[in-house]
Amino acid sequence: MVDNIDIEDAKEAQRLRKNHLSSMAYARKKAQREKEVADLSKAVTDLTLMYQQDKEAWLAEREVLLAYIYHLENRHLQN
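So in my numbering, spot 21 of the sequence shown is number 8, and the numbers just go up one at a time.
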């Protein structure tokens, strides 16, 4: 009878170890996926900010060029 209890205890311990290892593997994979999602989200945010800055810089440069063109046109009309 003692052997039966020991075998059952060993089986239960093995089952618990497997469950623990499975849970740990799942938690590790879940954490990895969450990190990948966070990294991708940050990359999208960074690209969006970079696009906005580039767009603002382009618009500012465009305004300067348009002002220069108008200046040249006015000079041409005055001559």
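Beta carbons are placed, not taken as given, at the ideal position from N, Cα and C, and that holds for glycine.
Coil, strand or helix - residue i by DSSP
i, result
"residue -9", "helix"
"residue 66", "coil"
Query raised in the report: Taking only runs of the alpha helix (DSSP H) that begin and end inside the stretch -6 to 26, which ones reach a length of at least 4 residues, in chain order?
Result: none
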